[in-house]
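Have a look at the structure below, then the notes.
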Amino acid sequence: MTVKVIPSRSIKAFRYRVFCLGQDLWNARDPISRANLALQLADAATTLARMEVQAAQPFSSSPSYSLPEAGHR
4 MTVKVIPSRS
14 IKAFRYRVFC
24 LGQDLWNARD
34 PISRANLALQ
44 LADAATTLAR
54 MEVQAAQPFS
64 SSPSYSLPEA
74 GHR
């Protein structure tokens, strides 16, 4: 049996992480657990969004794909 390993910092790993954290958040009952999961989900989703933008850069020279720097609007 061959085991596939996904690099932990890959875009695919972050897609899985966001999906799983979202599922866990929906199923969590304890408010403290939900808050913790929501923070983890926000962090993973932010990282994923930045990775998706970087992956999309070669396909478009449009500035609409750029993200603002942290803390700027």
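If you count by my numbering, then the sequence shown holds residues 4 to 76, one letter each, in order.
Glycine included, C-beta positions come from ideal geometry on N, C-alpha and C.
Asked: Report, in whole angstroms, the separation of the C-beta atoms of leucine 40 and leucine 28, which I expect to be a contact under 8 Å.; Found: 4 Å
Asked: Please classify alanine 38 as buried or exposed, where buried requires at least 16 neighbouring CB atoms within 10 angstroms.; Found: exposed
Asked: For valine 21, does the count of other Cβ atoms within 10 angstroms reach 16, so buried, or fall short, so exposed?; Found: buried
Asked: Hey, would you say threonine 50 sits closer than 7 Å to phenylalanine 17, going by beta carbons?; Found: yes
Asked: Would you please state the rounded distance, in angstroms, between the beta carbons of isoleucine 14 and glutamate 55? I believe it to be under 8 Å.; Found: 7 Å
Asked: For alanine 58, which residues from the same chain have a beta carbon less than 7 Å from its beta carbon, with the 5 sequence-adjacent residues on both sides left out?; Found: Ile14
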